[in-house]
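Student:
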Amino acid sequence: MKTENTCPYCKGLGWISLKNGVKKCSCQYKNLTDSIYKRMNIPKKYQDKDFKNFLPNKKYKHHLIIKRLKDYVNLEEYKKGKGFFLVGNPGVGKTHLAVALLKELFLKKNIAGLFYDTNSLLFKLRASFDGVESSREILEEVINTPILVLDDLGSERLSDWAKDILHYIIINRYNDLKPMIITSNIKLKGKSEFEESLEERMGSSIASRLAEVCEILPVKGQDMRGSRLLELQEK
Ligand SMILES: Nc1ncnc2c1ncn2[C@@H]1O[C@H](COP(=O)(O)OP(=O)(O)OP(=O)(O)O)[C@@H](O)[C@H]1O
Ligand SMILES: [Mg+2]
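Residues 13 to 247 in my numbering are what the sequence shown spells out, letter by letter.
This is the structure we're talking about:
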C-alpha cells in the first residue's frame, strides 16, 4: 500500500525496472543498514557516528586514538581477544569512538558486534526474569557476540546481583578470547581519595582480567555536550 513514506523511486516495490532486468532500489540498502543497527543494538543517537565525523583535537592527541582504533581493525587484533578500555570524563567522545569502532569492524571485516549501555543491559536482564524475554537468551547473545561494547561500565555502585551478572559476562568472554570494548568514567585500577576505581567497585578479579585484555585508552577533551549548550546560550 502506498503511504506518505513510500519511496518515490520504486514506489515501495524495492526494485527498479531497467531495460534488461531489475535492480535493487537504494531505499532497500537503507533498510538493510537500519536492520543492522538494530541487530547491533546501536542507539539512534549514535548511529551516524564514525571516525570521519569525530573531529580530532591535536591538543588531546585524538588523531593517535583514531589511528590506534583503525590499526586494531586493520591488523585484526580482535582475533586475539584484545579490546579497549576507553576512559575519560563525560562528553569527551568515548561512546562515539566505541560506536565508530563497531561500525568500522562491520564495514571492513563484516563482523557484527553488539552494543549495550551497561545499565540498560542490567535493567533488561532484571525485567527478563518477569518472563518477557528469556534472560538466558540475552546473556547468551552478550557472551557469544564477536565484539561486545559495554558502555558506561561502573557509572554507579552496583548491587551484588549486578556484580554477579557482569562477572559472569566478563569472565566468560575473557575465557573464550572474545574482545570487549569498554567505556567508563572511572579508572580501571588503583585507589585515590577523590574517585573510586572499577577495581574498587567491581572487585580485583574483574579489573585484573580487563587490564590484561583491554588496552587502556584515556580519552581527553572538552565536554562536547557542554560546549553545544554554550553555543545556544550565546545566540
Ligand atoms: N571530538 C569530537 N568530534 C565530534 N563530536 C564529538 C567529539 N567528542 C564528542 N563528540 C560528540 O559529543 C557528544 C557526546 O559524546 P559521547 O556521548 O561520545 O561522550 P562520552 O565520552 O561517551 O560521555 P559519557 O561519559 O557521558 O557517556 C556526542 O554527540 C559525540 O558525537
Ligand atoms: Mg558515553
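We put the beta carbon where it would ideally sit given N, CA and C, even for glycine. This one's a predicted model, so the numbers in the text were calculated from it and none came from an experiment.
Just tell me which of Pro-20, Thr-18, Met-52, Leu-25 has its CA closest to the CA of Glu-153.
Tutor: Position 141 of the sequence shown, counting from 1, holds the residue named residue 153. Of the candidates Pro-20, Thr-18, Met-52, Leu-25, the one whose C-alpha sits nearest the C-alpha of Glu-153 is Met-52.
Student: Can you tell me whether Val-104 is helix, strand or coil according to DSSP?
Tutor: Counting from 1 along the sequence shown, the entry for residue 104 is found at position 92. Val-104 falls in the coil class under three-state DSSP.
Student: Return yes when at least one heavy atom of ligand 2 lies under 7 Å from the C-beta of Thr-130, else no.
Tutor: Working through the sequence shown from its first residue, we reach residue 130 at position 118. No; taking the cut-off as 7 Å, the Cβ of Thr-130 has no heavy atom of ligand 2 nearer than that.
Student: May I ask you to check if the CB of Lys-61 is nearer than 7 Å to at least one heavy atom of ligand 1?
Tutor: As a first step, residue 61 must be located in the sequence shown, where it is residue number 49. True, at least one ligand heavy atom lies under 7 Å from that Cβ.
Student: So, under 8 Å CB-CB, Thr-107 and Tyr-58 are touching, yes? Tell me the CB distance rounded to an integer number of Å.
Tutor: Counted from its first residue, the sequence shown places residue 107 at position 95. Counted from its first residue, the sequence shown places residue 58 at position 46. Rounded, the Cβ-Cβ distance is 6 Å, consistent with contact.
Student: Whole angstroms are fine: how far does the CA of Tyr-84 sit from the CA of Arg-148?
Tutor: Position 136 of the sequence shown, counted from the start, is the residue given in the question as residue 148. Position 72 of the sequence shown, counted from the start, is the residue given in the question as residue 84. If I take the Cα positions, the gap works out to 31 Å.
Student: Assuming Leu-222 contacts Ile-182 under a Cβ cut-off of 8 Å, what Cβ separation, rounded to an integer in Å, is found between them?
Tutor: Counting from one through the sequence shown, the residue named residue 222 turns up at place 210. Counting from one through the sequence shown, the residue named residue 182 turns up at place 170. Yes, Leu-222 and Ile-182 are in contact; Cβ-Cβ is about 7 Å, under 8 Å.
Student: Just to confirm before moving on: does the CB-CB distance between Val-104 and Phe-127 stay below 8 Å?
Tutor: For the purposes of this step, residue 104 is identified with residue 92 of the sequence shown, where counting begins at 1. For the purposes of this step, residue 127 is identified with residue 115 of the sequence shown, where counting begins at 1. Cβ atoms of Val-104 and Phe-127: not closer than 8 Å.
Student: Of the choices Ile-123, Gly-166, Lys-175, whose alpha-carbon is the least far from that of Asn-197?
Tutor: Start at 1 with the first residue of the sequence shown, and residue 197 comes out as number 185. Per the Cα distances, Gly-166.
Student: If you run the structure through DSSP and keep just helix, strand and coil, what is Cys-226?
Tutor: Translated into positions along the sequence shown, residue 226 becomes position 214. In the three-state scheme derived from DSSP, where H, G and I count as helix and E and B as strand, Cys-226 is classed as strand.
Student: Comparing C-alpha positions only, which one of Gly-202, Asn-156, Asp-172 sits nearest to Asp-188?
Tutor: Position 176 of the sequence shown, counted from the first residue, corresponds to residue 188. The candidate whose alpha carbon is nearest that of Asp-188 is Asn-156.
Student: With DSSP run on the structure shown, which of helix, strand or coil describes Lys-121?
Tutor: Your numbering for residue 121 matches position 109 in the sequence shown. Lys-121 falls in the helix class under three-state DSSP.
Student: Find the nearest neighbour of Pro-158 within the set His-179, Lys-36, Gly-33, Glu-89, judged by alpha-carbon distance.
Tutor: Mapped onto the sequence shown, residue 158 falls at position 146. Nearest option by C-alpha distance: Glu-89.
Student: From Gln-234 to Ile-193, what distance separates their C-alpha atoms?
Tutor: Counting from 1 along the sequence shown, the entry for residue 234 is found at position 222. Counting from 1 along the sequence shown, the entry for residue 193 is found at position 181. Roughly 22 Å between the two C-alpha positions.
Student: State yes or no: is the C-beta of Leu-109 within less than 8 Å of the C-beta of Leu-81?
Tutor: If you number the sequence shown from 1, residue 109 lands on position 97. If you number the sequence shown from 1, residue 81 lands on position 69. Result yes, Cβ atoms of Leu-109 and Leu-81 sit closer than 8 Å.
Student: May I ask you to list the residues that DSSP assigns as paired with Leu-133?
Tutor: What you label residue 133 is simply residue 121 of the sequence shown in a count that begins at 1. In DSSP, Leu-133 forms no bridge with anything.
Student: Considering only residues of the same chain and omitting the five flanking positions on each side of Arg-237, which have a CB-CB separation below 7 Å?
Tutor: Within the sequence shown, numbered from 1, the residue matching residue 237 stands at position 225. Counting only Cβ-Cβ distances below 7 Å, and skipping sequence neighbours, we find Gly-103.
Student: Give a single yes or no on whether Thr-195 has its beta carbon closer than 7 Å to a heavy atom of ligand 2.
Tutor: Reading the sequence shown from its first residue, position 183 is the one you call residue 195. Yes, the beta carbon of Thr-195 sits closer than 7 Å to at least one heavy atom of ligand 2.
Student: With a threshold of 7 Å, establish whether the CB of Asn-69 neighbours any heavy atom of ligand 1.
Tutor: Residue numbering aside, residue 69 sits at position 57 when the sequence shown is read from its first letter. The answer is yes for Asn-69.
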